[in-house]
Amino acid sequence: MKTALATVTISGTLREKFEAAAKAGFQGVEIFENDLTQFDGTPKDVRRMAQDLGLEIIALQPFRDMEGMPEPMRSQKAKMLQHKIDVAHELGTNRLLFCSNVQPYSSADRDVCAADLFALAEIAKKEGIMLGYEALAWGYHIADYHEAWDLVKRVDHPNLGIILDTFHMFSRGNTLDVLRDEIPLNKIALVQVADAPSLQMDVLQYSRHFRCFPGQGDMPVVEFLQVLKDKGFDDYLSHEIFNDEFRSSSPLEKAIDGMRSLIWLDDQTVSKREEKTAPIVAPQISDVEFIEFAIEGESGEALTNTLAQLGFHETHKHRSKNVSLMRQGNINLILNREPKSQAHEHFQKHGVSVCAMAFASENVKATLSLAERYRVERFDNQAGPGELNIPALRGIGDSLVYLVSADAAVRFFEVDFKPIQGIQGESGVGLTRFDHIGQTVSNTDFLSATFFYKSLFGFDIDASQDLPDIHGLVVSRTALSKDKRVRIPLNMTNARGASAQRFIQKSKGSGVHQIAFACDDIFAAAKNIDSEKQLPIPHNYYRDIEARFGLPAEMIKKLQSHNIMYDQNDEGEFFHFYTEEVHGVFFEVVQRVGDYSRYGEANAFVRLASQARQEKK
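The C-terminal position of the sequence shown is numbered 617 in the UniProt record's numbering, with every residue numbered one higher than the one before it.
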C-alpha cells in the first residue's frame, strides 16, 4: 500500500506540510491548489522541494464545475484545463482531479455532461494526463459515487477515471455494491480516505469541519478498503481531511496521526498479495496495574490526606528510589518523589499530577511491536540493579503508559518495593479496583487520544456524549477494553470556562483529572470521608431523583447524608459520590448493581455545577 496526504489536511506553509509528510513516512502528496497559489515560488520549485524530501506529487486538485456548463463558460473551462496541465507538468504529476458541478444553472443532461468530459479527456490524452472525477456529496445533479460512475462509464475514455472518496460516499449512506460489482481497477483514478463521526447536519458543513482520519470516526472505512483489496488494488491511499482542529495543530503531529491511521487501516484488512491471513489484532489489555502521581516534598499532602480518608495507606517503599506505594484491594497508587525521574520533570511542568499509568497486557512484546509500527514513541526508563525495567510508551499529553505482563508470576511491587512493617494493604473501606479513569484533552487532541487507545490497545470507542456544564458543553467519549474492565472516558470542550478547559489551564496540559474506584458497599466507603472532602450535592437533586425513581424516603435521606448520587436503567443501578478536587484531580467511588455499565451521565450536569461552585470558594 502506498500512502499520500492532501496538503489541505494539515496546517502550515507548503514547505512545512511537505516536511511533516516526509517525516511521518508518507510517500506522496496531493497539492491542493490554494497551497500552490499562495506559495512564493514556481511549480518547478515545488517539484524540487518534494523530490528533495523523497515525496511524489501524485495529483493537483481540485477543479470545479467542469461539466454541463453553458457557453462561454464551457470554452473557458477547456482553456483553464490546458493551463492547469502546464502547471501539472511543471509539478511533475500526471493526475488532475475535479468534482461534480454544484451550480444550479449547469445541465442535468448526462449526455451533455459526458460530451464535455470526453472533450476534456481528449485534451488530457494529448498531454499524458489522467483526469479523476469525483461526486461531491452536495453536487447539484451528481452527488453519489454511483452517479459519477455512470457518467465516467458513459464517457468511456482511457484518460478519465473515478475518484473514490469515502467521506462523500458514506456521508450520503451509499453502499459498497457498485464498487464491489461494477467499477474495474483501471477506472479508479485515485482513492481518498476520510472518516467522520455520526452526525445529522448539513452535508457541506459536515464535510468542511468534521472529517477525520480513518478509525477516528464511525464510517465503514475498513469494509471499503477490504473491497478494494479484494479487487487487487495497490495504488495510493490518500488522506483528504477538512477539519478545523487539524488545521490549528502541529503539522507533524497530525501527519503522524494520519500515517498511524493508514497503517492501522491496512492492518484491519487482508489481500491476496499479503502474507498475513487475518487482520492484525491488538493484544488485549486486562486491567490497570497502577496509577503514578508526581509529587515533591510536602506538596502532595492534600492528595495523600484525601486518599487516606478513602482507606489508602502507604504500604510499600521502593528499594532504591524516593517512591512509595498506596494499596487497597487491587488498586495500586504510586507516589513518586524521586528527583531524577520522569515524574520530577512532570511535576516541574504540571505540579502535583498523574504522570503515568500501567496496563496489564496479555502480550507486552506484541504491544511494543505494534507501538513501533504505529509511530508511538517509547520512553527509556532508568532501572537500578535487580529492579524491573517496565517498558513505557508516551501517552496522552506528557504522561506515560507502562506495560506489565497480565500473567506475570509476581507483581511489580513484589520486586521493586519493600513492605512497610505493620501496614496491611488489604485494610481500607472496601474499594476493590479501578472502575474508570477520566482524561481531559484539548480539542485539537481529542481524536488523536481516542485513536491512540483504539489502534494500540484494541479498545472500543463509545459514541460521544454531551455533558452540560454551566459554562458550556463538555464532549465525552469512552475508550473501553474488549471485556470492559478498563474504561477511559476522554473529555474535551470548546468553551473557555467549562470544566475541561479549566483543568487544562490549571494543569498546563492534557492529563488524568478523574479516578473512579469500584466498591461493593458505597455507604461503608463513604463513612470516613469528612464533609469538607466531599463534593456537596444540592438538596434539589435528591427531590428530583425521589420523584423520578420513586425511591423510599429513608433511602433518599441515606444518600443525601453522604452526598451519594444515584442512577438506574434496565441493566441495574448505580451509586456514586465524589471527593473535592485536589491539585486538579478528583476521586469518585462507585457501586454498580446488576449489569449497569454506564457512568451516571444523567447526573453529570449536577456534579459539574457543584465543582464549579467549589472552585469559587
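C-beta: ideal position from N, C-alpha, C; glycine also.
Can you check whether the CB of A21 is closer than 8 Å to the CB of L55?
-> yes
Whole beta strand (DSSP E) runs in the region 100-152 with 3 or more residues, listed along the chain?
-> 130-134
Which residues mark the beginning and the end of the beta strand (DSSP E) in which A406 is found?
-> Where A406 is concerned, there is no enclosing beta strand (DSSP E), given that its DSSP letter is neither H nor E.
Are the region 391-400 and the region 440-452 touching, with three or more C-beta to C-beta distances below 8 Å?
-> yes
Mind pulling the beta strand (DSSP E) runs of 3 or more residues that sit fully within the region 243-299?
-> 285-294
Could you pull out every residue in the same chain whose Cβ sits closer than 7 Å to the Cβ of R433, ignoring the five residues on either side in sequence?
-> G329, N330, I331 and A518
Uninterrupted alpha helix (DSSP H) stretches inside the UniProt domain "VOC" (433-592) (no shorter than 4 residues) = 446-457, 499-507, 522-526, 539-549 and 553-561
Would you mind reading off the limits of the beta strand (DSSP E) that contains P43?
-> Here P43 belongs to no beta strand (DSSP E); instead the alpha helix (DSSP H) covers P43 to D52.
Three-state secondary structure (DSSP) at I183?
-> coil
Quick one: give me the first and last residue of the beta strand (DSSP E) that L388 is part of.
-> Where L388 is concerned, there is no enclosing beta strand (DSSP E), given that its DSSP letter is neither H nor E.
Can you tell me whether T42 is buried or exposed, with buried defined as 16 or more other CB within 10 angstroms of its CB?
-> exposed
Which whole-angstrom value describes the C-beta separation of G600 and F577, a residue pair presumed to lie in contact below a C-beta threshold of 8 Å?
-> In fact, because the Cβ distance is near 10 Å, the residues do not count as touching under 8 Å.
From L252, R477, V415 and T37, residue whose alpha carbon lies closest to that of N218 | Going by the sequence as given, residue 218 is Asp instead of Asn. Taking only the C-alpha atoms, the option nearest D218 is R477.
So, L190 versus S238, is the Cβ gap smaller than 8 Å?
-> yes
Outcome for F549 when other beta-carbon atoms lying within 10 angstroms are tallied against a minimum of 16 = exposed
Residue of P489, S11 and F457 minimising C-alpha distance to I280 = F457
Distance, Cα to Cα, D45 vs L262?
-> 29 Å
For F605, collect the residues of the same chain with a Cβ closer than 6 Å to its Cβ; drop the 5 residues on either side in sequence, then sort them by chain order.
-> P468
When R411, K231 and L559 are compared against D521, the one with the closest alpha-carbon = L559
Which class does L370 belong to by DSSP, given the choice of helix, strand or coil?
-> helix
Is DSSP giving residue 623 helix, strand or coil here?
-> Limits of the chain in this structure are 1 at one end and 617 at the other, which puts residue 623 out of reach.
What are the boundary residues of the beta strand (DSSP E) that includes L315?
-> According to the sequence shown, residue 315 is Thr rather than Leu. Note, T315: beta strand (DSSP E), H313 to H318.
Residue range of the alpha helix (DSSP H) that includes S610 | A604 to K616
What's the call for T37, buried or exposed, on a 16-neighbour Cβ count within 10 Å?
-> exposed
Cα-Cα separation, M259 to F246 = 14 Å
Pairwise C-alpha distance: G92 and A86 | Looking at the sequence itself, residue 86 is Asp, so the reference to Ala does not match. Those two C-alpha atoms are separated by around 10 Å.
Please go through the same chain and pick out, in chain order, the residues whose beta-carbon is closer than 6 Å to the beta-carbon of L400, but skip the five residues on each side of it.
-> A356, F379 and A392
DSSP state of M219 mapped onto helix, strand, coil | coil
Backbone secondary structure at H344 - three-state DSSP | helix
Beta-bridge partners of F63, as assigned by DSSP = F98
Taking 8 Å as the cut-off, decide whether the C-beta atoms of I256 and A24 are in contact.
-> yes
Using the C-alpha atoms, what's the distance from T493 back to S561?
-> 32 Å
Taking the CB atoms as reference points, tell me whether T306 and K482 lie closer together than 8 Å.
-> no
Give the C-beta separation of V221 and T175 to the nearest angstrom, bearing in mind that I take them to be a contact with Cβ-Cβ under 8 Å.
-> Actually they are not in contact, since the Cβ atoms of V221 and T175 sit about 14 Å apart, beyond 8 Å.
Ignore the nearest five residues each way along the sequence and tell me which others in A148's own chain have a CB closer than 7 Å to its CB.
-> S100, Y133, E134, A135, I142 and I162
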